[in-house]
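Protein chains in written order, with full-length UniProt numbering: chain A, 1 to 239; chain W, 1 to 239. A short write-up of the structure that comes next.
There are 2 protein chains.
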Amino acid sequence: MAEKWVIPKVATSVDLVILTIREQRLHALVIERAEEPDRDKPALPGGFLATEEEDLDAAAARELAEETGLRPQGLHLEQLRTYGAPNRDPRLRVITTAYLAILPDLPEPVPGGDARAASWQPANRLLDKRNTMAFDHARILADGVERARGHLEHTTLAAAFCAPEFTVADLRAVYEAVWGHAPDPRNFHRKVTSVDDFLLPTGRRTTRHGGRPAALYRRGGATTLYPPILRESSATARA
Amino acid sequence: MAEKWVIPKVATSVDLVILTIREQRLHALVIERAEEPDRDKPALPGGFLATEEEDLDAAAARELAEETGLRPQGLHLEQLRTYGAPNRDPRLRVITTAYLAILPDLPEPVPGGDARAASWQPANRLLDKRNTMAFDHARILADGVERARGHLEHTTLAAAFCAPEFTVADLRAVYEAVWGHAPDPRNFHRKVTSVDDFLLPTGRRTTRHGGRPAALYRRGGATTLYPPILRESSATARA
DNA sequence: TCAAAAGTGTTTTACGTACACCCATGC
DNA sequence: GCATGGGTGTACGTAAAACACTTTTGA
Chain A
1 MAEKWVIPKV
11 ATSVDLVILT
21 IREQRLHALV
31 IERAEEPDRD
41 KPALPGGFLA
51 TEEEDLDAAA
61 ARELAEETGL
71 RPQGLHLEQL
81 RTYGAPNRDP
91 RLRVITTAYL
101 AILPDLPEPV
111 PGGDARAASW
121 QPANRLLDKR
131 NTMAFDHARI
141 LADGVERARG
151 HLEHTTLAAA
161 FCAPEFTVAD
171 LRAVYEAVWG
181 HAPDPRNFHR
191 KVTSVDDFLL
201 PTGRRTTRHG
211 GRPAALYRRG
221 GATTLYPPIL
231 RESSATARA
Chain W
1 MAEKWVIPKV
11 ATSVDLVILT
21 IREQRLHALV
31 IERAEEPDRD
41 KPALPGGFLA
51 TEEEDLDAAA
61 ARELAEETGL
71 RPQGLHLEQL
81 RTYGAPNRDP
91 RLRVITTAYL
101 AILPDLPEPV
111 PGGDARAASW
121 QPANRLLDKR
131 NTMAFDHARI
141 LADGVERARG
151 HLEHTTLAAA
161 FCAPEFTVAD
171 LRAVYEAVWG
181 HAPDPRNFHR
191 KVTSVDDFLL
201 PTGRRTTRHG
211 GRPAALYRRG
221 GATTLYPPIL
231 RESSATARA
């Protein structure tokens, strides 16, 4: 590596794709920019490293708390990818690393830091009109949503969208909200309940949906779904 | 984002996991460090951005050419992930974005730039004794190899390891080298030849392996393998 | 004529899909 | 009772794994 000449240093930031389900639809957490450029446009929460010594992952968690007031239990941030196009920020060279987190329904965010407002917005609305988002954040959000969709196929991630105790129908509603279509309820039920250590029965039941009460489960330790639950498009688009 | 206070700027680099198959084994391209720290240790090719305006992807391709003299046709670099632990480089804060490329057997690399030597080394040898590699490069290499293994299951990537014209046996040898075990030759043959637009028959045959001559193919346009070719461990590890 | 590798056919078994059907509750 | 959603059983089709078998070459 170069040592005897000038090493270009560029600003390093993190951005966060925080997804949840509200009212049966996939929502993303966005702030409203208080400064130019792209003032007033929705943007992903995020920001620069606080110090030269701050870990990237730590910066992501810190920015989430600062800008939205959210400090969820058991937050798991997954690195999405790094966006380094030279002019993605018109002010100065910024290379940003995006993180993805999936959370159950949370309280309204409280804006802080550089955010004028913070709110949950339907992901589809943000993505349909791409140029309404600041910088390249629509692209980052799209990548995050696509990553989440894929995770539902192969991992137990869907449970992360659910409250601590949930029914199989709650879990299925996650698939419907994220994928846009629901798997067969009966086969879905068999499939998820047969995965070892995925759904832990609590013994309790709920009746809030009408009809026969559904069993309540907690998240188990399983992380991978094998066999996977493939969405239609995975098969048909390739067949 | 912060604008009115000092934005920490850190050094930004790229590192490259370049994989190929030589003598039926998976090899990675490594250089030998000419400077402290970790002098003389094998390291991944890579380095700092050349200017504040250089695109990340462009920096990766440039470093490959500079340090190893390799400028392969149709090089496709895939972003692997970004490594940002505060002390991964003892000299200064460096956040590095790793890229992955898969190439057919190439000529010996020619060291240049900051590299004293450049060579192909068996991936297993580099990974078995992790502390022989500089910085956190063993971890990065391991992530790259694992990504490649996964790609073989779901994509047509294996053909990227092969010469422009190759037989089904050549392709199967890729799976054996990367996975460590071979799929059944007969089922493998049926599977890959039935994927639409994956293998384009040239009409020619080769006899270089002894036995019945094999048909020669070229890469087709297909990128995804559906249904996937799953390695044993994918099923058994989860079952 | 034998060994070796390429390539095909056939059988078995697993699993996803579709859907009939029963269960447990509220109204 | 009847509607509603929860949950189970079962038949059918597709496809993967296993492996016998044929083909085509060199020695």
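A virtual CB, placed ideally from N, CA and C, is assigned to each residue, including glycine.
- Chain order gives no chain A residues near residue 37/W, where near means a beta carbon separation below 7 Å; the closest approach is about 10 Å.
- The C-beta distance from residue 216/W to residue 202/W rounds to 5 Å, short enough to fall under 8 Å.
- In the DSSP assignment, residue 48/A falls outside any alpha helix (DSSP H) and lies within the beta strand (DSSP E) extending over 46-48.
- Neighbours of residue 95/A across chain W, judged by C-beta separation under 7 Å: 12 and 56.
- Residue 198/W and residue 151/A have their C-alpha atoms spaced approximately 26 Å apart.
- Around residue 7/A, the beta-carbon contacts reaching into chain W at under 7 Å are 11 and 48.
- According to DSSP, residue 155/A shares a beta bridge with 224/A.
- The distance from the Cβ of residue 59/W to that of residue 83/W is about 15 Å, inconsistent with a contact at the 8 Å cut-off.
- Contact annotation: the stretch 4-15 of chain W does not touch the stretch 102-116 of chain W, with fewer than three C-beta pairs closer than 8 Å.
- By the Cβ test, the stretch 181-188 of chain A is not in contact with the stretch 152-165 of chain A, since fewer than three Cβ pairs between them sit closer than 8 Å.
- The residues 122 and 177, in chain order, have a CB closer than 6 Å to that of residue 25/A in the same chain once the five nearest residues on each side in sequence are set aside.
- Assigned with DSSP and collapsed to three states, residue 95/A falls in strand.
- In the three-state reduction of the DSSP assignment, residue 129/A falls in the coil class.
- The beta carbon of residue 144/A is closer than 6 Å to those of 17, 80 and 100 in its chain, skipping five residues each way along the sequence.
- Under the Cβ criterion of 8 Å, residue 81/A is counted among the residues facing chain W.
- In this structure residue 40/A is exposed. Its beta-carbon is surrounded by fewer than 16 other beta-carbon atoms within 10 angstroms.
- Only 224 and 226 from the stretch 209-233 of chain A bring a Cβ to less than 7 Å from some Cβ of chain W.
- Excluding the 5 residues flanking it on each side, residue 37/A has same chain C-beta neighbours closer than 6 Å at 90, in chain order.
- For residue 199/A, the enclosing beta strand (DSSP E) begins and ends at 199-206.
- For the pair residue 132/A and residue 115/A, the Cα-to-Cα distance works out to about 17 Å.
- Relative to residue 42/W, the option among 134/W, 76/W, 96/W and 62/W whose CA is nearest is 134/W.
- Under the Cβ criterion of 8 Å, residue 117/W is not counted among the residues facing chain A.
- Judged by beta-carbon spacing, residue 142/W lies within the 8 Å limit of residue 127/W, meaning their Cβ atoms are closer than that value.
- For residue 29/A, the uninterrupted beta strand (DSSP E) segment begins and ends at 25-33.
- Against chain W, the beta carbon of residue 52/A has neighbours under 9 Å at 8, 9, 10, 86, 92 and 93, listed in chain order.
- Your pair residue 165/A and residue 218/A checks out as a contact, with CB atoms roughly 6 Å apart and the cut at 8 Å.
- Beta-bridge partners of residue 217/W (DSSP): 166/W and 201/W.
- In terms of CA proximity to residue 200/W, 222/W leads the group 212/W, 179/W, 190/W and 222/W.
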